[in-house]
Every structure is written in C-alpha cells, then in structure tokens.
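Q: Those sequence lines, one after another, are chains A and B.
Each residue of the first sequence is one higher than the one before, starting from 159 at the first, in my numbering.
Each residue of the second sequence is one higher than the one before, starting from 43 at the first, in my numbering.
The beta carbon of each residue, even a glycine, is placed where N, CA and C say it ideally should be.
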Amino acid sequence: MIRLQNINKTFRIARRQSGFGHAVKALFSREHELVHALKDVNFEIQDGEMVGYIGPNGAGKSTTIKIMCGVLTPDSGLCEIDGRVPWKERVAHVRDIGVVFGQRSQLWWDVPVIDSFELIRDIYKVEARLYRRNLDEMTALLDLSEILKTPARSLSLGQRMRCEIAASLLHSPKILFLDEPTIGLDAVSKIAVRQFIKRRNAEHGTTVILTTHDMQDIEALTERILLIGKGRILLDGSLDELKKRFPGGTSEEMVAALYKEYKI
Amino acid sequence: MRPYVSLFRIRFINGLQYRAAALAGLSTQFAWGFMNILAFSAFYRANPAAFPMAFPHLVSYIWIQQAFLALFAPWGTGGKAVETIVNGNISYDLVRPMDLYNRWFIETIGDRVSRAALRCVPILLVAFILPEPFRMTLPPDMRQFALFLVSVPLSMCVVTVFMMLDTIFTFYTMSRYNAIFIFTAEFLAGGILPIPFFPEPFRTIAELLPFGSMQNVPLRIYSGDLAGMDALKAIALQAFWLAAMLLLGKLLMKHSLKRVIAQGG
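1) So which of A:307, A:218, A:277 has the shortest CA-CA distance to residue 369 of chain A?
2) Going by DSSP, which residues form a beta bridge with residue 211 of chain A?
3) Who does residue 270 of chain A pair with in a DSSP beta bridge?
4) Between residue 300 of chain B and chain A, is any beta-carbon pair separated by less than 7 Å?
5) Could you check which residue in A:263, A:296, A:309, A:414 has the C-alpha nearest to that of residue 129 of chain B?
6) In the DSSP output, what is residue 227 of chain A paired with across the bridge?
7) Given this structure, state the Cα-to-Cα distance separating residue 193 of chain A from residue 389 of chain A, to the nearest angstrom.
8) Strictly below 7 Å CB to CB, what residues from chain B border residue 227 of chain A?
9) For residue 316 of chain A, report the span of its beta strand (DSSP E) as first-last.
10) Relative to chain B, which residues along the stretch 258 to 275 of chain A have a C-beta separation below 9 Å, given in chain order?
11) CB residue 170 of chain A to CB residue 202 of chain A, shorter than 7 Å?
12) Going along the stretch 274 to 288 of chain A in order, which residues come within less than 9 Å of chain B, judged by CB to CB distance?
13) Select from A:385, A:221, A:378 the residue whose C-alpha is nearest the C-alpha of residue 417 of chain A.
14) So, does the CB of residue 103 of chain B fall closer than 7 Å to a CB anywhere in chain A?
15) Quick check for students: name the residue ranges of the beta strand (DSSP E) that lie wholly in the stretch 108 to 188 of chain B, counting only runs of 3 or more.
16) Buried or exposed: where does residue 213 of chain A fall if 16 or more other Cβ atoms within 10 Å of its Cβ makes it buried?
17) Report yes if the CB atom of residue 14 of chain B is closer than 7 Å to the CB atom of residue 100 of chain B, and no otherwise.
18) Would you please state the rounded distance, in angstroms, between the beta carbons of residue 193 of chain B and residue 260 of chain B? I believe it to be under 8 Å.
19) Decide if the stretch 354 to 368 of chain A is in contact with the stretch 180 to 187 of chain A; the criterion is three or more beta carbon pairs, one per stretch, under 8 Å apart.
20) So what does residue 394 of chain A bridge to, in DSSP terms?
21) May I ask which residues mark the beginning and end of the beta strand (DSSP E) holding residue 161 of chain A?
22) Would residue 278 of chain A pass as a contact of residue 328 of chain A if the rule is Cβ separation under 7 Å?
23) To the nearest angstrom, how far is it from the Cα of residue 410 of chain A to the Cα of residue 69 of chain B?
24) From which residue to which residue does the beta strand (DSSP E) around residue 195 of chain A run?
25) If you compare alpha carbons, which of A:159, A:166, A:367 is closest to residue 232 of chain A?
26) By DSSP, does residue 355 of chain A sit in helix, in strand, or in coil?
27) Between the C-alpha atoms of residue 393 of chain A and residue 383 of chain A, what's the straight-line distance to the nearest angstrom?
28) Would DSSP call residue 418 of chain A helix, strand or coil?
29) Quick one: which residues of the stretch 107 to 136 of chain B get their C-beta closer than 8 Å to a C-beta of chain A? List them in chain order.
30) For a contact defined as C-beta to C-beta under 8 Å, what are the partners of residue 55 of chain B on chain A?
31) Between residue 208 of chain A and the rest of its own chain, which residues show a CB-CB distance below 6 Å, the 5 nearest in sequence each way excluded?
32) My guess is that residue 300 of chain A and residue 272 of chain A are in contact by the Cβ rule of under 8 Å, so how many angstroms apart are they, rounded?
33) Apart from the five residues just before and just after residue 373 of chain A, which ones in its own chain have a Cβ nearer than 6 Å to its Cβ?
34) Take every Cβ of the stretch 150 to 162 of chain B, pair it with every Cβ of the stretch 243 to 259 of chain A, and state whether three or more of those distances are shorter than 8 Å.
35) Comparing C-alpha positions only, which one of B:293, B:104, B:213 sits nearest to residue 179 of chain B?
36) Assuming residue 168 of chain A and residue 199 of chain A are in contact, meaning their beta carbons sit under 8 Å apart, how far apart are those beta carbons, in whole angstroms?
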C-alpha cells in the first residue's frame, strides 16, 4: 500500500534577467526563488490499483513520483510504501518497484538491449528462471525479439519505450511507476504499451501509477484519477464521476474544462 | 558481488567499442611521448648529472605514463557520473538497489581499464623496439616488477576515489567544468613533469599529497627510481590515501544525496 501524508517539497531556483550585465552580476550574487512544487499532498493507493496521475506541466507529478521512488527527499510529510519510507530505506524499497521515466533512458546507449537487460538482471539479482520467464513473456507481448540485439541508440522511440517498459519489469516489481510512458509514441506503439500494462496489472496484480498528458491513456488504463495542480491534489475520483460532471465532449475537452475550473 | 562484476563488464564492453577514439588517443600519446623524450634528451645532453632521475628511468616513466594514461589520468573519466548528476539521469541510478558510490566507482574503474587495454599494448610494443635513446627498458629485477604490479591498481584506485570527490562536489556546484582543478591535479601528480624534478621543499610536499600517490609511485617503481624501503613506504602511503579519500567520499555522498535535486522533467 502507498500512503502519502502532508508531503511538501520546495525547490530553490536561480533566476536572472537576460543579457550580459545580468549574467556578470549573477556571478557574484544570485537571486533565488522558492518554488513550492508540492503542498500538503495526501493520498492512498491500494495494492493492485491502477491510478492515473494527471495535471498540467509543472504541476508536481514527476516530483511526487520521484519522492515515491526514493530519488527525492521531501521537506516534510510522511510517505510510506509497503511499510517503508522510500528515501530512508532506498535500497530495500527500490527492489520492489519498477520505474519508467519516459523522458530518460535506462538502457545503455551503445550496447545491445539484451546486454542492458542482463545488467539489470544482475543488479536486482533476479533468479535465472524468473528472468527467463519474464523475458520470454515480455518478448512475446511487447514484440521484442527483433530488437533485443540492437544497440539502444539505433532504436526508434516506440521500440525503445517498449524495451524501457520491459527493463522496468524484469525483476517482477510489486509497484510500477510510469512517468509519461507514451510520450511521443505513434498510435500503434501507444496501443501496444497500454495493452501490455493492462495485462500486467490483471495477471500479476502489479500496482500501476501512471502520469500522462494523453487522456486516452487514462481512459484505456485507469479507473481512478488523481488530479494535481500547482502542487496540490485537487481531485481524487473515478473517471466515470468526472464524466458525469462534464458531460459531452471528448476526454481532452473534459480535462481542459477541469483545468479551467481549478484555474491551473 | 554479481552486480559489480556485471557493471564492470558492461562498462568494459562499452569502452571497447570506441576503436576510433582509441586510435586517435594512440597517436596523441605517441606524439606526446616522443616530444617529451626529445625535450628531456636535449637537456640531459647538456649535463646529465644536473637531473634527479637517470635518463633511462625517465624514458620508462614517460612510456608507461603514455601506455596507461587512462588508468592514472586525474581527468577524462568519471565524466559519466558527473553528466548523470547535471542532466538528471541520476534518477535511474537511484532507483537501483545499489550503493551509488560503489556503483560509480566500479563503473569508472571499468571504463579506465577498458581504455587502457585498448591503448597500452601497441604503445608498449613500440616503446620496447624503438632505437636508443627512446627505447624503454625492462624493470631491474622481479621484486621491483612485483612492487610495480601492486602499485598500479592502488594508483588507479587513488585517482578514482579522488575523482569521486570531484563528482560528489558536482551535487553542490552543478558545474561540469573544472579546468583549473584538473590542471592542478595533473601537475601535482607528476603528469607534466615527474615529481623528482620539483625543487625542495615542493618535492617532499607533492610526494606526501594524495596526488603524489597517483602515477608517481608505479612509474618510478618500475624503473627502480623508487626502490627498497622507499618504495614500500610509498605504497603504504597510497593505501592510506585510498582509505582516507574513500571514507571521505562515502560520507560526503551520504550528505549530498539528501539534497539531490533531479534536474528536469
């Protein structure tokens, strides 16, 4: 189970005006601005749930994900995942989670994908039989057989993302965090990724937390939605409830109406 | 151990792919080696007694330095970890069930060894068949060679833990350019001029500093310039600096991870 209570996180950001004069001035004294990335964030997620975490750019989605992954330490508040505080017991915690940061890559750029997979297998000390089973399953479902021997740098975005998702599941994590897993993908790849995630959740009971800007992802995958804006959780409910509140129109229009209503 | 062996392996394989870079490096290192020896031989011809190292010792020093540049250079590698911090890919390093310090340490070692493996053989081969005064000589005896073999990995580890400190400071500075720092380290390590050429008391100070426990020790042990008790003492000092900087690095890492800000998206 995932539980977040009153999580706060602030970043200090250096700012300056454009131009040479200001650049020189910034050598000596810098102006900092405090950005409140998260303010009193509270929610609970049960085992086996699939949750869509939505909100405009800069709302604090990635920050929340990073806190839950043990990458960032919040300023204050409680976060407990399966009885552990991620940033305090990072190594034990990350053994049980899988993460895909859609805008980054965990594959080694210059070596074939399968080498990266084997490295990940060794890092997590995945038992040979389990690894074989996971690899076979994902090769079949994500159609990887053709691309496993290709270096990551030569893959298309869609191919790479399928490999990224496979890489994050090789150790059979209980929780899967997907930070914009469909960003930049074409329709075919998006559908393949969605089907796979859905199947994973149904068959393995993997808890999935997904951030996205693509409402079709949400529609296809999740029943529950968490809406965050300007660092606050604004809404926690089901997709159906939302549809009732904003009848008619596409899900895109619904979200736009939602953002407008909350002025985010 | 398995994760570390695998990390070393992938880093090693990764490094072996850069053949063009290795070729470019080779030619630079040959040119640099020749240039150095030519310059020194001109000085030595004027008055061989005026210099603190015997000329054949110096020639061996220079060739081993060029052959194993990738092992000993206090720059050039470790860059990946710094890059990771600056561009935010550290997020992925942190979601692995591993100690981050150990991970970066082993990756840097893998990188260094693979680069040295590609470069050292041709350089050493050529250095042994060159005409005098460029030819490299064998070590004076087996004992000296054994000490050399102990000192090489120690030296590489001292350089690496030192570079780790530099990497960890990146958490605070977020800057990847540290040219002055690199030049100072390179100079004090004897990378430009062997430490015995430094005037006293700088020579003694340089030998005691962590930089003096880098390439200075194996390169001088090989030729016998540093022998007997002095060599053992130098190796003990290497072990000391390795332990001290390792400890400091681990402590700093612990502190800095609390304030990690994964940059971007």
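A: The structure says:
1) Position 211 of the first sequence, counted from the start, is the residue given in the question as residue 369 of chain A. Answer by Cα proximity: A:218.
2) As a working mapping, residue 211 of chain A is identified with position 53 in the first sequence. Per DSSP, A:369, A:384.
3) Within the first sequence, residue 270 of chain A is the residue found at index 112, counting from 1. Bridge partners of residue 270 of chain A: A:309.
4) Position 258 of the second sequence, counted from the start, is the residue given in the question as residue 300 of chain B. By this cut-off, residue 300 of chain B is an interface position.
5) Translated into the one-based positions of the second sequence, residue 129 of chain B becomes position 87. Closest by alpha carbon: A:263.
6) Position 69 of the first sequence, counted from the first residue, corresponds to residue 227 of chain A. Residue 227 of chain A pairs with nothing; no bridge assigned.
7) Here residue 193 of chain A is taken as the residue at index 35 of the first sequence, counted from 1. Here residue 389 of chain A is taken as the residue at index 231 of the first sequence, counted from 1. Cα to Cα, the separation comes out at about 10 Å.
8) Along the first sequence, one-based indexing puts residue 227 of chain A at 69. Result: 137.
9) Here residue 316 of chain A is taken as the residue at index 158 of the first sequence, counted from 1. Careful: residue 316 of chain A lies outside any beta strand (DSSP E), inside the alpha helix (DSSP H) at 315 to 327.
10) Residues are counted here when their Cβ sits less than 9 Å from a Cβ of chain B; for the stretch 258 to 275 of chain A these are 259, 260, 261, 262, 263, 264, 266, 267, 268, 269, 273, 274, given in chain order.
11) Here residue 170 of chain A refers to the residue found at position 12 when the first sequence is read from its first residue. Here residue 202 of chain A refers to the residue found at position 44 when the first sequence is read from its first residue. Contact flag unset, no.
12) 274, 276, 277, 278, 279, 280, 281, 282, 283
13) Here residue 417 of chain A is taken as the residue at index 259 of the first sequence, counted from 1. Per the Cα distances, A:385.
14) Looking up residue 103 of chain B in the second sequence gives position 61. Chain A, which has no Cβ nearer than 7 Å to the Cβ of residue 103 of chain B, makes this no.
15) None, since the stretch 108 to 188 of chain B contains no complete beta strand (DSSP E) of that length.
16) For the purposes of this step, residue 213 of chain A is identified with residue 55 of the first sequence, where counting begins at 1. Classification for residue 213 of chain A: buried.
17) Within the shown structure, residues of chain B are numbered from 43 to 307, placing residue 14 of chain B beyond reach of any answer.
18) Taking the first residue of the second sequence as position 1, residue 193 of chain B is located at position 151. Taking the first residue of the second sequence as position 1, residue 260 of chain B is located at position 218. So it is a contact: roughly 4 Å between Cβ atoms.
19) no
20) By 1-based counting over the first sequence, the position of residue 394 of chain A is 236. A:384.
21) On the first sequence, residue 161 of chain A is found 3 positions in, with the first residue counted as 1. First-last of the beta strand (DSSP E) with residue 161 of chain A: 160 to 173.
22) Translated into positions along the first sequence, residue 278 of chain A becomes position 120. Translated into positions along the first sequence, residue 328 of chain A becomes position 170. Contact flag set, yes.
23) The sequence position of residue 410 of chain A within the first sequence is 252, counting from 1. The sequence position of residue 69 of chain B within the second sequence is 27, counting from 1. If I take the Cα positions, the gap works out to 59 Å.
24) The residue given as residue 195 of chain A occupies position 37 in the first sequence. Residues 189 to 203.
25) Here the question's residue 232 of chain A lines up with position 74 in the first sequence. Nearest option by C-alpha distance: A:166.
26) If you number the first sequence from 1, residue 355 of chain A lands on position 197. Helix at residue 355 of chain A.
27) Translated into the one-based positions of the first sequence, residue 393 of chain A becomes position 235. Translated into the one-based positions of the first sequence, residue 383 of chain A becomes position 225. The C-alpha of residue 383 of chain A is placed about 8 Å away from the C-alpha of residue 393 of chain A.
28) By 1-based counting over the first sequence, the position of residue 418 of chain A is 260. The answer is helix: DSSP assigns residue 418 of chain A an H, G or I state.
29) 130, 131, 132, 133, 134, 136
30) To locate residue 55 of chain B, count along the second sequence from 1; it is residue 13. Here the neighbours are 269, 273.
31) As a working mapping, residue 208 of chain A is identified with position 50 in the first sequence. So the list reads 359, 366, 379, 380, once near-sequence residues are dropped.
32) To locate residue 300 of chain A, count along the first sequence from 1; it is residue 142. To locate residue 272 of chain A, count along the first sequence from 1; it is residue 114. Actually they do not touch by this definition, with Cβ atoms about 14 Å apart.
33) The count along the first sequence starts at 1 and reaches residue 373 of chain A at position 215. Only 409, 410, 413 meet the Cβ criterion.
34) no
35) The sequence position of residue 179 of chain B within the second sequence is 137, counting from 1. Among B:293, B:104, B:213, the Cα nearest to that of residue 179 of chain B is on B:104.
36) Position 10 of the first sequence, counted from the first residue, corresponds to residue 168 of chain A. Position 41 of the first sequence, counted from the first residue, corresponds to residue 199 of chain A. Not a contact, Cβ separation roughly 13 Å.
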